[in-house]
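One structure below.
There are 2 protein chains.
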Amino acid sequence: MLNAAYDAFAERLAQAVPGLWIGAPEPRYLEEPRGRWFGQGGLLVKPADTAQVSAVLRACNEARVGVVPYGGGTGLVSGQIAPDGPLPVILSLEKMAALRKIDSHAMQVEAGATLQQVRDWAEEAGRRFPLGLASQGSAQIGGCLATNAGGVNVLRYGNARALCLGLEVVLADGTIWGGLKALRKDNTGYDLRDLMIGAEGSLGVITAASLRLFEPPAVEGTALFAVPSPKAAVALLELAQRQLAGCVSAFELIAGQGLAFLREVGPEVQMPFAQDPDWCVLIELGLPAGMDAEEAFGALYEAAEELVLDAVVAQSEAQRSALWELRESLPLANRRIGAISSHDISVPVSAIPAFIDAAQGRLTAMGDFRINCFGHVGDGNLHFNVFPAMGRQRDDYVALRDAVKRAVHDLVVQGFDGSVSAEHGVGRLKVEDLERYEAPTKLAMMRAIKDALDPNGVLNPGAVLRPQG
Amino acid sequence: MLNAAYDAFAERLAQAVPGLWIGAPEPRYLEEPRGRWFGQGGLLVKPADTAQVSAVLRACNEARVGVVPYGGGTGLVSGQIAPDGPLPVILSLEKMAALRKIDSHAMQVEAGATLQQVRDWAEEAGRRFPLGLASQGSAQIGGCLATNAGGVNVLRYGNARALCLGLEVVLADGTIWGGLKALRKDNTGYDLRDLMIGAEGSLGVITAASLRLFEPPAVEGTALFAVPSPKAAVALLELAQRQLAGCVSAFELIAGQGLAFLREVGPEVQMPFAQDPDWCVLIELGLPAGMDAEEAFGALYEAAEELVLDAVVAQSEAQRSALWELRESLPLANRRIGAISSHDISVPVSAIPAFIDAAQGRLTAMGDFRINCFGHVGDGNLHFNVFPAMGRQRDDYVALRDAVKRAVHDLVVQGFDGSVSAEHGVGRLKVEDLERYEAPTKLAMMRAIKDALDPNGVLNPGAVLRPQG
């Protein structure tokens, strides 16, 4: 059982870690983007370097006080917010935001740097760090790695995990693991890096990372293709891969419902088609020198025949930005409408059309909803979000909410061998889902590893796994 | 302390696992490719399915008998051979070699299928499984995953780890973890898949895998470029990435010394240049439809200016095969010459030229050697192998062998922050190296995980980590 971080512990911490920033958390450390969870007051610390993180964890571990690591606060599953349990220490990495070094193949950055800053550093060096999220202006790279963030370029470059070469991690007892080697191939023992990535701060606190850098493609282009159905979208993806294997950087599904939401509640964005199509896909290509993006899109359009109804190819950087703005505005419109239940799910790519059909069918039988289903179809990852019917309120559906979530998740797992947590993580929101849907063997292995690396359970208590004792 | 698998245990196993193939191992199960290690007799079992693997492990765990998982036997670090300790059970996966299912995005295969068979299944489905090794005709996919094998296409497609979507694993106590979901994005808890990949059978026995499939590039081409130096090779790689980001499938360094070995001892292969260059790089491109491989190589050649001395572009499938045969014959020539010490190392890609210079300098100061340094320069991974001077024998160097290895490894780790086990794994050959070069924190984490998942230490005892007690 953990102890609460009351005043006496704050004094002890101040003595144990000279120079440490200690204070009470402002409200922003206790809220999360969707406003569904509120954290407890606790104690906020902002270590200035890895040694201070180490000293904080050592003190917390000795005193059996929980530690909630805090990055940019953009997580959607409450991994950064502890609403109950003994008062924890909130450990914000914001003061550790330096670029330690960079060359043409890799960069070493501290965990508190925002994703946008990391991308900018890469760009200044003539390279690219291809992790891209709508929240990249606030999200910190440490949090992106702790949650194995996904985003819009996973199709080409992989999740955060695939972009990370090495980590510096502080363990529960304060020990520092300096695993920052920037190697593409390194088979010296167990893959501790990937164990830490996606563990959401429950096995260690990531303080720095070595990241892969890429050469930006010589030629890039963006287009929006209107398609008759999700089935056509998946077939179009296969066609694009056949013509342009490895050069499709993004392939994002957008539902007509999403466009309707934008028209209804904003934000105001440029609408690409006179009449909103039922479905469209935003495609980004990154091509070799000597190719022409417009010609490549043209060849795809011709070969696609009845898979495509209409297409807009960006002719300028402004047009390209406008298409991306449309895509990136969907989550804000969703929040303004107010979802009954949101689902960050994945299924095998080829099962996407059948899943959408089946899920719509199940929900139609349950009530009157609007469904905005969009996302990273190239990764088999959809944000399948369920909203009130036109003119009705989210509150009208309180009684149905759990049943909606259960129906969607049951279908994902039992019908399509999919995942109920594709790219947003487990946090505290999905601990029960994990217990419901994952094999007991997997949960037992996770528990054994947690107990082995954090025997007192001080690291992000209640996230990913239910707290013990 | 483990018990030996004597006759009484064989009887017990036969009773516990009806129908199990049990016998004495033929010599081929006790040898390894370089002939440096010999295993003990032990007991050989060949389970027919996952349930039998489970029953074998349960019985071994209860009786505290060690289990050495056995794939194709092509490993170079003795992960599949136990030369000492109590007599273990050798568990061969060879009877579990089925294709369970395949669609356009993924395939599910059993661990005992050879890599060549897996590649063939993919090709029959019009797809590609891009893991490629010289030993792929014998190496089994389970072993490739257990060792996180690398090979010639890592630059484009990643190591075995990056090509695996899910695993079925039998744990030490016989529990089966069915983690075969074929998802590109799945953040439901700790990354147990990547923990098992590269653990070399010391945390569980991989019995099946879900693998990623790729669309073969529309256009492919192969060329050999003669370059003046490793520095020019790395600069040429950067140039190729700038022109053709994402489309460089392989970029392999070949030393003039390697060509000289082929001329000296064979095997006889077609030599591409009239006069052997000091260095050359084998480049494979996979391009979008509409591009021409010869033109792409031509543009690269022109832009490269003084980075390239000469070039041969394959004009036919036969010429392409001949270039690859040259590359794939290097290890055999090396074995015929007989290395004093071989080093599977990696350093940051940009440090490759400085490492080669420094390593040659250190060795020149130690004695009279020939060095054949070749490999996957695009991944920062070199096989830096040290041979006797012309006319001398390996036996003349016995006294120097440990010092040579130590000098190379010290330089890799201390001088270049590199790895002494890039793609071949740790096995039993490099357990001491791990203890010497890896941080105590990392070793302690590995030990904690091993103890948590295999508390009796029955899984591949002595591999990766020294046996306890």
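One line per chain: the protein sequences are C and P, in this order.
Anchor point for the first sequence: position 17 equals 17 in my numbering, and the numbering is continuous, going up by one each time.
Anchor point for the second sequence: position 45 equals 45 in my numbering, and the numbering is continuous, going up by one each time.
Glycine is no exception: its CB is placed at the ideal position from the N, C-alpha and C atoms.
Provide the residue span of the beta strand (DSSP E) that contains residue i, from first to last.
{"i": "T207 of chain C", "result": "V205 to R212"}
{"i": "G286 of chain P", "result": "W279 to L287"}
{"i": "R100 of chain C", "result": "L99 to I102"}
{"i": "F225 of chain C", "result": "V219 to V227"}
{"i": "G380 of chain C", "result": "Here G380 of chain C belongs to no beta strand (DSSP E), and DSSP marks it neither H nor E."}
So which residues of chain C does residue i contact, with C-beta pairs closer than 7 Å?
{"i": "K442 of chain P", "result": "W177, G179, G189 and L192"}
{"i": "E215 of chain P", "result": "Q241, R242 and A245"}
{"i": "V109 of chain P", "result": "Neighbours of V109 of chain P on chain C: none; closest Cβ ~16 Å, over 7 Å."}
{"i": "E423 of chain P", "result": "K185 and N187"}
{"i": "G150 of chain P", "result": "K185"}
{"i": "E238 of chain P", "result": "S104"}
Is residue i helix, strand or coil by DSSP?
{"i": "H409 of chain C", "result": "helix"}
{"i": "Q80 of chain C", "result": "coil"}
{"i": "Y6 of chain P", "result": "coil"}
{"i": "S419 of chain P", "result": "strand"}
{"i": "S249 of chain C", "result": "strand"}
{"i": "S54 of chain P", "result": "helix"}
{"i": "L183 of chain C", "result": "coil"}
{"i": "L363 of chain C", "result": "helix"}
{"i": "L490 of chain P", "result": "Nothing can be reported for residue 490 of chain P, as the shown portion of chain P is limited to 1 through 469."}
{"i": "L332 of chain C", "result": "helix"}
{"i": "L400 of chain P", "result": "helix"}
{"i": "L459 of chain C", "result": "strand"}
{"i": "K430 of chain P", "result": "coil"}
{"i": "R36 of chain P", "result": "coil"}
{"i": "F273 of chain C", "result": "coil"}
{"i": "L13 of chain P", "result": "helix"}
{"i": "R392 of chain P", "result": "coil"}
{"i": "P86 of chain C", "result": "coil"}
{"i": "L199 of chain P", "result": "Correcting the residue identity first, residue 199 of chain P is Ala in this sequence and not Leu. Looking at A199 of chain P - three-state DSSP - the assignment turns out to be coil, as it is neither helix nor strand."}
Alpha helix (DSSP H) containing residue i: first to last residue?
{"i": "F261 of chain P", "result": "G256 to V265"}
{"i": "D194 of chain C", "result": "L192 to M196"}
{"i": "A299 of chain P", "result": "A293 to A304"}
{"i": "A447 of chain P", "result": "First, the residue type needs correcting, since residue 447 of chain P is Arg and not Ala in the sequence shown. P440 to L453 is the span of the alpha helix (DSSP H), which, as asked, contains R447 of chain P."}
Identify the contact partners of residue i in chain C, using a Cβ-Cβ distance below 8 Å as the criterion.
{"i": "N381 of chain P", "result": "R184 and K185"}
{"i": "L287 of chain P", "result": "P288"}
{"i": "A299 of chain P", "result": "A289 and G290"}
{"i": "A218 of chain P", "result": "R242, Q243, L244 and A245"}
With DSSP as the reference, identify every bridge partner of residue i, one or two as the case may be.
{"i": "V386 of chain P", "result": "P:S341 and P:I371"}
{"i": "P69 of chain P", "result": "P:L91"}
{"i": "V45 of chain C", "result": "C:I22 and C:L91"}
{"i": "T310 of chain P", "result": "Note on residue identity: the sequence assigns Asp, not Thr, to residue 310 of chain P. Its beta-bridge partners are P:A226."}
{"i": "I176 of chain C", "result": "C:V170"}
{"i": "S346 of chain P", "result": "P:N381 and P:S419"}
{"i": "L470 of chain P", "result": "The shown model of chain P, from 1 to 469, leaves out residue 470 of chain P, and the question about it has no answer."}
So residue i contacts chain C; which residues on that side make the cut at Cβ distance below 9 Å?
{"i": "V474 of chain P", "result": "The structure shown has nothing for residue 474 of chain P, since chain P only spans 1 to 469."}
{"i": "V426 of chain P", "result": "N187, T188 and G189"}
{"i": "I197 of chain P", "result": "D191 and D194"}
List the residues of chain P whose Cβ lies closer than 9 Å to the Cβ of residue i, in chain order.
{"i": "D417 of chain C", "result": "L180, K181, A182 and L183"}
{"i": "E438 of chain C", "result": "T188 and G189"}
{"i": "V464 of chain C", "result": "G189 and Y190"}
{"i": "A162 of chain C", "result": "G158 and A162"}
{"i": "L434 of chain C", "result": "T188 and G189"}
Residue i touches chain P at which residues, Cβ-Cβ below 8 Å?
{"i": "D103 of chain C", "result": "P348 and S350"}
{"i": "A452 of chain C", "result": "A448, I449, D451 and A452"}
{"i": "T147 of chain C", "result": "N187"}
{"i": "V420 of chain C", "result": "T188"}
Please list, in chain order, the chain P residues whose beta carbon lies closer than 7 Å to that of residue i.
{"i": "P507 of chain C", "result": "Here chain C has residues from 1 to 469 only, and residue 507 of chain C is not among them."}
- Those runs of the beta strand (DSSP E) which lie wholly inside the stretch 105–165 of chain C and span at least 3 residues: 106–110
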